[in-house]
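Student: Just passing along the structure, written as structure tokens.
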Amino acid sequence: MTARASNHRSTALLVAPDSAQDSLRQAVRGLYVTTPRRSASWLHILLTADPALSFEIEPCTGDKAALARLRQASFDVVCVQHIPGELDAIGFVEAHRATGAEDPLVVFAWEQDKEFAPRCYDVGADACLACDTTTAREVAWAIGRAIQWRRLLAENRRLVDLERQRLRLEHNESERLLDQQRGLISGLGELSQARDISDTGMAGPTATIPTAPADVPTSLVAAYRDLLRAYVIMGSGNLAAETGALVHTLSELDTPTAGVMQLHLHVLEETLRGLGGRSARHVMARADLLVLEVLAQLAERYRQRSLK
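Position one of the sequence shown corresponds to residue 2 (our numbering), numbered consecutively onward.
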């Protein structure tokens with residue numbers, strides 16, 4: 002038994018230790034690919050000798066006929082006999098896997114060198130057994146574990162697809178929230194202009210509200226980026242001093258609310274782009290808390306300044 006086969010079996014036993022044994026208790030329907038010179042009778046006799054096993058083997062002569070049969074029906078396992086010069090099991094397994102099929106595949110060989118089994122595993126076989134030395138129980142366990150291994154692969158693929166879908170939905174939701182926050186900046190700008198018109202009778206200078214991150218110092222952008230990254234990891238508990246220092250700088254620059262939101266969105270979008278396929282929900286939640294805390298502290302500083 003090769004290292005790859007051992008790894009397959011140990012993985013199946015680690016994830017679901019009873020599943021391979023459960024497969025043996027159920028009726029297993031298999032396709033046996035062979036040639037006229039080597040019938041499936043030896044395997045049938047071998048498996049029926051143990052009354053605890055329940056196998057139904059359908060023989061099929063030739064690799065082309067077998068591939069055609071597999072397009073017509075599904076089987077719990079596909080067994081292929083390797084007969085040099087008549088039936089190339091490695092070629093059959095490779096051709097079958099090339100179609101995208103994930104059936105459990107077990108190779109039987111009467112004559113094989115020590116490199117034969119590794120070559121079978123390289124093209125996608127799940128087990129390789131020597132016909133002249135194998136036992137009914139060994140065949141049964143090889144088939145049971147092959148079935149369980151393929152089920153585990155299918156389940157893993159399904160879970161990966163679900164996780165990708167979840168991450169896609171999270172990123173779409175993040176984009177929607179970012180669009181809402183961009184709209185908030187636009188609304189703040191319009192509100193500021195309306196206030197200036199009411200106070201002076203003329204439109205205030207739009208330059209007081211930064212329209213791009215380039216309007217704020219580069220050092221401030223870097224400081225906010227570092228704070229956001231630390232906030233995502235640590236939360237607000239240990240970052241009171243850093244948050245206070247940033248708010249002090251913003252107040253010294255007389256940064257308006259729209260400017261803070263513009264800075265926040267610029268850094269947040271950078272962070273989300275750097276996530277790749279990772280979850281964005283935690284980042285968005287922590288970023289919302291950070292900008293709320295910054296705006297609240299900044300508003301309090303401006304209120305205290307106006308009272309002096």
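The beta carbon of each residue, even a glycine, is placed where N, CA and C say it ideally should be.
Small disclaimer: the values here were computed from a predicted structure and weren't measured.
Residues in its own chain within less than 8 Å of Gly-245 by CB, not counting five upstream and five downstream?
Tutor: Indexing the sequence shown from 1 puts residue 245 at position 244. Cβ neighbours of Gly-245 beyond the five flanking positions: Gln-298.
Student: Would you call the segment 27-37 in contact with the segment 53-68, where contact means no fewer than 3 C-beta pairs closer than 8 Å?
Tutor: Contact holds: three or more Cβ-Cβ distances are below 8 Å.
Student: According to the Cβ coordinates, are Ala-131 and Gln-113 closer than 9 Å?
Tutor: Start at 1 with the first residue of the sequence shown, and residue 131 comes out as number 130. Start at 1 with the first residue of the sequence shown, and residue 113 comes out as number 112. Contact flag set, yes.
Student: Just tell me which of Thr-250, Arg-169, Arg-158 and Ser-55 has its CA closest to the CA of Ala-223.
Tutor: Taking the first residue of the sequence shown as 1, we reach residue 223 at position 222. Among Thr-250, Arg-169, Arg-158 and Ser-55, the Cα nearest to that of Ala-223 is on Thr-250.
Student: Between which two residues does the alpha helix (DSSP H) harbouring Val-268 extend?
Tutor: Walking along the sequence shown from the start, residue 268 turns up at place 267. 258-274 is the extent of the alpha helix (DSSP H) around Val-268.
Student: Could you compute how far the alpha carbon of Val-140 sits from the alpha carbon of Val-81?
Tutor: In the sequence shown, the residue the question calls residue 140 occupies position 139. In the sequence shown, the residue the question calls residue 81 occupies position 80. Each residue's alpha carbon lies about 13 Å from the other.
Student: Measure the CB-CB distance between Arg-306 and Ser-220 and report whether it falls below 9 Å.
Tutor: In the sequence shown, counting from the first residue as 1, residue 306 sits at position 305. In the sequence shown, counting from the first residue as 1, residue 220 sits at position 219. Taking 9 Å as the Cβ cut-off, Arg-306 and Ser-220 do not qualify as a contacting pair.
Student: Judging by CA-CA distance, which residue of Glu-294, Arg-177, Leu-170 and Arg-282 is the nearest neighbour of Leu-228?
Tutor: Along the sequence shown, one-based indexing puts residue 228 at 227. Looking at the Cα atoms, Glu-294 is the closest of the given residues.
Student: Which residues bound the beta strand (DSSP E) around Ile-234?
Tutor: As a position in the sequence shown, residue 234 is number 233, starting the count at 1. Premise fails: Ile-234 lies in the alpha helix (DSSP H), 219-235, not in any beta strand (DSSP E).
Student: Just tell me which of Asn-157, Ala-259, Ala-110 and Lys-115 has its CA closest to the CA of Trp-43.
Tutor: Working through the sequence shown from its first residue, we reach residue 43 at position 42. Closest option to Trp-43, Cα to Cα, is Ala-110.
Student: Please specify which runs of the alpha helix (DSSP H), each continuous and at least 4 residues long, are wholly inside the segment 42-76, giving them in chain order.
Tutor: Qualifying alpha helix (DSSP H) stretches, in chain order: 42-49 and 64-73.
Student: In the structure shown, what three-state DSSP assignment does Ala-110 receive?
Tutor: Here residue 110 is taken as the residue at index 109 of the sequence shown, counted from 1. Here Ala-110 sits in strand by DSSP.
Student: Cβ of Val-261 within 9 Å of Cβ of Thr-272?
Tutor: Numbered from its first residue, the sequence shown carries residue 261 at position 260. Numbered from its first residue, the sequence shown carries residue 272 at position 271. It is not a contact, given that the beta carbons lie outside the stated cut-off.
Student: Just to confirm my understanding: we take Asp-200, look at its own chain, exclude 5 residues before and 5 after, and list those with CB closer than 8 Å. What are they?
Tutor: Taking the sequence shown and counting its residues from 1, one reaches residue 200 at position 199. Below a pLDDT of 50, predicted positions are generally treated as unreliable, and Asp-200, at 45, falls in that range; the measurement from the model is reported next regardless. Contacts found: none.
Student: So the candidates are Leu-47, His-97 and His-83; which of them puts its Cα closest to the Cα of Ala-69?
Tutor: Taking the first residue of the sequence shown as position 1, residue 69 is located at position 68. Among Leu-47, His-97 and His-83, the Cα nearest to that of Ala-69 is on His-97.
Student: Out of Lys-115, Glu-116, Gly-86 and Ala-126, point me to the one whose CA is closest to Val-107's CA.
Tutor: Residue numbering aside, residue 107 sits at position 106 when the sequence shown is read from its first letter. Checked all of Lys-115, Glu-116, Gly-86 and Ala-126; the closest Cα to Val-107 is Ala-126.
Student: Mapping DSSP to helix, strand and coil, what is Arg-159?
Tutor: Position 158 of the sequence shown, counting from 1, holds the residue named residue 159. Reduced to three states, the DSSP call for Arg-159 is helix.
Student: Going by DSSP in three states, Gly-145 sits in which element: helix, strand or coil?
Tutor: The residue given as residue 145 occupies position 144 in the sequence shown. In this structure, Gly-145 counts as helix in the three-state DSSP scheme.
Student: Expressed to the nearest angstrom, what Euclidean distance is found between the alpha-carbon atoms of Cys-121 and Ala-155?
Tutor: Walking along the sequence shown from the start, residue 121 turns up at place 120. Walking along the sequence shown from the start, residue 155 turns up at place 154. Straight-line Cα distance between these residues: approximately 21 Å.
Student: Given that a residue counts as buried once 16 or more other Cβ atoms are within 10 Å of its Cβ, and exposed if not, what is Thr-49?
Tutor: Residue 49 sits at position 48 when you count from the first residue of the sequence shown. That one is exposed.
Student: Quick check: what's the CA-CA separation for Ala-147 versus Asp-77?
Tutor: Residue mapping note: residue 147 aligns to position 146 of the sequence shown, counting from 1. Residue mapping note: residue 77 aligns to position 76 of the sequence shown, counting from 1. The straight-line gap from Cα to Cα measures roughly 10 Å.
Student: Do you know whose CA, among Ser-55, Arg-39, Gln-73 and Ala-66, lies nearest Ala-137's CA?
Tutor: Translated into positions along the sequence shown, residue 137 becomes position 136. Of the candidates Ser-55, Arg-39, Gln-73 and Ala-66, the one whose C-alpha sits nearest the C-alpha of Ala-137 is Ser-55.
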